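Written out below as structure tokens is the structure these notes cover.
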Amino acid sequence: MSRSQQCVLVWYGDTFDPDLIHSIFKLIWKRTSARDEDTPLIDVEADGGTSKRARPLLLANAGALKISCELLRLFVTEAVQRAAIIAEAEGTEKIEPTHLERILPQLLLDF
44 MSRSQQCVLV WYGDTFDPDL IHSIFKLIWK RTSARDEDTP LIDVEADGGT SKRARPLLLA
104 NAGALKISCE LLRLFVTEAV QRAAIIAEAE GTEKIEPTHL ERILPQLLLD F
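Here the sequence shown is numbered in my numbering, starting from 44 and rising by one per residue.
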């Protein structure tokens, strides 16, 4: 599979695929939980009345996933645009990793 085909697979309409982002979030949550063994991976939630059940903290609200996808799309778009400006100022048409490194500090402050 070519690199351009891989990039197409992560897009879902005009944004990232929510299932992909949810999978990434779950992976990070599992790794964080495994690293921080003191933090339990269980959330106790009221389940109607006084009974309580434990459920894993690996769930994400659909609205939160949609907003996360949009935020990531904006972040990536802004990073590419800023890096393209730096590349153009240097007289090149190709964005190099150094261009991204140069814009990253201010981009992170802006987000």
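The beta-carbon is built from N, C-alpha and C at its ideal position, and this holds for glycine as well. Note that the structure is a prediction, hence the values are computed from the model and not measured.
Three-state secondary structure (DSSP) at residue i?
i, result
"THR75", "helix"
"PHE154", "coil"
"ILE67", "helix"
"HIS103", "Note on residue identity: the sequence assigns Ala, not His, to residue 103. ALA103 falls in the coil class under three-state DSSP."
"ILE138", "coil"
"GLU144", "helix"
"GLU133", "coil"
Out of curiosity, what's the CA-to-CA distance linking residue i and residue j?
i, j, result
"ASP153", "ALA77", "31 angstroms"
"ALA132", "THR141", "13 angstroms"
"GLU121", "ARG74", "28 angstroms"
"ALA105", "GLY134", "43 angstroms"
"ALA107", "PRO61", "10 angstroms"
"ALA130", "THR58", "25 angstroms"
"ILE71", "ALA103", "13 angstroms"
"GLU139", "ASP79", "36 angstroms"
"ARG116", "LEU150", "14 angstroms"
"LYS69", "PHE118", "21 angstroms"
Taking contact to mean 3 or more Cβ pairs, one atom from each stretch, closer than 8 angstroms, check whether the region 57 to 67 and the region 100 to 115 are in contact. yes
For the 8 angstroms Cβ check, are there 3 or more pairs between the region 115 to 128 and the region 137 to 145? yes
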